[in-house]
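Trainee:
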RNA sequence: GCGGGUGUAGCUCAGUGGUAGAGCGUCUCGUUGCCAACGAGAAGGCCGAGGGUUCAAGUCCCUUCACCCGCUCCA
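Numbering (my numbering), first residue to last: 15 to 537.
Here it is in structure tokens:
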């Protein structure tokens, strides 16, 4: 078997050709950072989402016991894309995503405005030049002092210079007199510009600035905000998880790499709440299960890795974070993030408790001293949270990249080895020839398979053109099995079952097709 | 945001300032009957968009949009 390296161009061409992914608004020239799913892509992604929903919420971790020795319990939730603006202040997104940036037109450098400082000669603020440097950066400071000395034609000593913050500048009067940290000329810095990574809109028909709202940059915050309601209304007990899938929006500076970094994308997030003492165990439990899960739906192999973050990579509140990463053709030999499993401590609930003044702690009646009557005194605490947060679009893309195979020794060199569980086409039924009673049998079998498996994907049926061409078409669409009604079927009620990955054929009884397929699809 | 590259049929791509092309795919008819078969035919394009130069622009110039690659940035 001869194989050639996977080309992203070839994968993208197949995605378009077979209706997996289209460019959004393509007939208008497309729009940067947005992609639509065609019929097969939409079903592929739905199967991925359903698999996540099934294995993370309805039957978490395939029914296995958690580190506490009990069945893992999770409940679903569906929260709004638009939340109260204070949610994003509490989460840190409004502050963190809003660093004003300053560009230098001369050197093409970009600086964070709050990192810039200015030095100028004492008593010359009204007319003299300012020389910018970067906070805590000796090189640009030295350079700025040197340029200032040259400018005023004398050496600068103690007391001869004054330093001020960039934000203290009068942008109209004084900015034109500023020389950038790496620039030679004055006036090449732009005013600070907001790089707003959150999309915003306005509520109400006569909306003004006061009605500004944000499209969520992650689904997680909706869960934290409803944590108390779920606890109060559903009889869940710590430890338990809340799962949520849905669209999120980030105004990426550079959308890139097909659907990998899109401005509108879909997340599948679980927030698993537990006692602080058990949080490390649960963190390891979810980290390991998530890795196993991705393998189970077709990403097995050396293209998938689990990467534990280094200490200096961690957010200030995080005790531990791992990424499940996939080696995409465009990241190879490196990897791109599919999912992050973060130990978020009690950061989010604490933040929302402070900002909202709502009590978000939990009274745990299974803890504390044992009372004379045999019960427990109880313990009040803010739960810690483990967050497995997956990108469904990235997942779908990884599935497509992993499945894409080119084997020039096959009659149909390009095909998708999609795992049957996520494949958008579950099976195809072909009459070998479009006559002699075969179409009728094929139609009956198609109807049966539709009734049994149609909720998970398409059952294709096609009588046109040569059988080889029909197989090839199914190979490209990632359909795992084709059943062909032929002359023998008429005699002994058996059909040809053709396997996509190997191209091999076996005969099975017509009335056993459903059983066979049910086993293979896990349905 | 910067630099480089690419935009022509569903896909892959030719196309020298002078009538819009090929292969594959799609559809129809016929033949064949287990791996992109054969024959005949058909549909499908304002050459990414907008300006300009020219008697004449897919081709030259400008602008813009999208995608790819490399920087930069990145919760």
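Glycine is no exception: its CB is placed at the ideal position from the N, C-alpha and C atoms.
(1) Going straight from the alpha carbon of residue 339 to that of residue 234, what length do you get?
(2) Does DSSP classify residue 247 as helix, strand or coil?
(3) Less than 6 Å between C-beta atoms, sequence neighbours within five positions excluded: which residues of the same chain meet that for residue 74?
(4) Please report the distance separating the alpha-carbon of residue 250 from that of residue 356.
(5) Taking the beta strand (DSSP E) that residue 50 falls in, what are its first and last residues?
(6) Given this structure, state the Cα-to-Cα distance separating residue 198 from residue 127, to the nearest angstrom.
(7) For residue 243, is the classification buried or exposed, using 16 other Cβ atoms within 10 angstroms of its Cβ as the cut-off for buried?
(8) Is the distance from the Cβ of residue 101 to the Cβ of residue 239 below 8 Å?
(9) Can you tell me where the alpha helix (DSSP H) with residue 35 in it begins and where it stops?
(10) By how many angstroms is the C-alpha of residue 510 removed from the C-alpha of residue 56?
(11) For residue 98, tell me which candidate among 215, 255, 161 has the shortest Cα-Cα distance.
(12) Could you give the C-beta distance for residue 175 and residue 162, rounded to a whole number, given that I count them as a contact under 8 Å?
(13) To which residues does DSSP link residue 459 through a beta bridge?
(14) Measuring only the C-alpha atoms, how far is residue 190 from residue 143?
(15) From the DSSP output, which residues share a beta bridge with residue 445?
(16) Check whether the stretch 409-419 and the stretch 453-465 are in contact - that is, three or more C-beta pairs closer than 8 Å.
(17) Indicate whether the contact test is met: 3 or more Cβ pairs, each with one atom in the stretch 47-65 and one in the stretch 384-398, closer than 8 Å.
(18) I need the DSSP call for residue 94, collapsed to helix, strand or coil.
(19) For residue 532, report the span of its alpha helix (DSSP H) as first-last.
(20) Using the C-alpha atoms, what's the distance from residue 441 back to residue 538?
(21) According to the neighbour-count rule (16 or more other Cβ atoms, all chains shown, within 10 Å of its Cβ), is residue 362 buried or exposed?
(22) Could you tell me whether the stretch 415-429 touches the stretch 465-480, where touching means 3 or more Cβ pairs closer than 8 Å?
(23) Tell me where the alpha helix (DSSP H) around residue 538 begins and ends.
(24) Suppose the cutoff is 7 Å on Cβ atoms and the five residues either side in sequence are ignored; what does the same chain contact list for residue 535 look like?
(25) Roughly how many angstroms lie between the CA atoms of residue 15 and residue 483, to the nearest whole one?
(26) Are the stretch 342-354 and the stretch 373-385 touching by the rule of at least three beta carbon pairs closer than 8 Å?
(27) Find the nearest neighbour of residue 194 within the set 152, 487, 118, judged by alpha-carbon distance.
(28) Are the stretch 396-405 and the stretch 286-293 in contact at 8 Å, needing three or more beta carbon pairs?
(29) Would residue 237 be called buried (16 or more neighbouring beta carbons within 10 Å of its own) or exposed?
(30) Please confirm if the stretch 440-459 is in contact with the stretch 494-504, defined as three or more CB-CB distances below 8 Å between the two stretches.
(31) Pick from 231, 445, 129: whose alpha carbon is nearest that of residue 480?
(32) Report yes if the CB atom of residue 83 is closer than 8 Å to the CB atom of residue 296, and no otherwise.
(33) Rounded to whole angstroms, what's the CA-CA distance from residue 269 to residue 336? Just pull it up for me.
(34) Around the Cβ of residue 150, are there at least 16 other Cβ atoms within 10 angstroms (buried) or fewer (exposed)?
(35) In angstroms with no decimal places, state the Cα-to-Cα distance between residue 432 and residue 417.
(36) In its own chain, which residues sit with a C-beta less than 8 Å from the C-beta of residue 18, not counting the 5 before and 5 after it?
Mentor: Looking at the coordinates:
(1) 20 Å
(2) Helix, per DSSP.
(3) The residues are 86, 88.
(4) Going from the Cα of residue 250 to the Cα of residue 356 covers about 22 Å.
(5) 49-51
(6) 19 Å
(7) exposed
(8) yes
(9) That residue, residue 35, is in no alpha helix (DSSP H); its beta strand (DSSP E) goes 35-37.
(10) 30 Å
(11) Residue 215 is the option with its Cα nearest to residue 98.
(12) 7 Å
(13) In DSSP, residue 459 forms no bridge with anything.
(14) For residue 190 and residue 143, the distance between alpha carbons rounds to 9 Å.
(15) Under DSSP, residue 445 shares a beta bridge with 499.
(16) No, the stretch 409-419 does not touch the stretch 453-465.
(17) Three or more Cβ pairs closer than 8 Å define a contact, and the stretch 47-65 falls short of that threshold against the stretch 384-398.
(18) If DSSP states are grouped into helix, strand and coil, residue 94 belongs with coil.
(19) 527-535
(20) Shown here, the chain extends from 15 to 537; a query on residue 538 therefore has no answer.
(21) buried
(22) Contact fails: fewer than three Cβ-Cβ distances are below 8 Å.
(23) The chain is shown only over 15 to 537; residue 538 falls outside these bounds and no answer can be derived.
(24) 434, 435, 440, 467, 470
(25) For residue 15, the predicted structure reports a pLDDT of 41, less than 50, and the residue's modelled location is therefore unreliable. A value from the coordinates is still provided. Roughly 21 Å between the two C-alpha positions.
(26) no
(27) 118
(28) Yes, the stretch 396-405 touches the stretch 286-293.
(29) buried
(30) yes
(31) 445
(32) no
(33) One Cα belongs to residue 269, the other to residue 336, and the distance between them is close to 24 Å.
(34) Flag for residue 150 reads exposed.
(35) 5 Å
(36) Reliability fails at residue 18, whose pLDDT of 49 lies under 50, so the model's placement of it is uncertain and the value that follows must be treated cautiously. Cβ within range, chain order: 420, 422.
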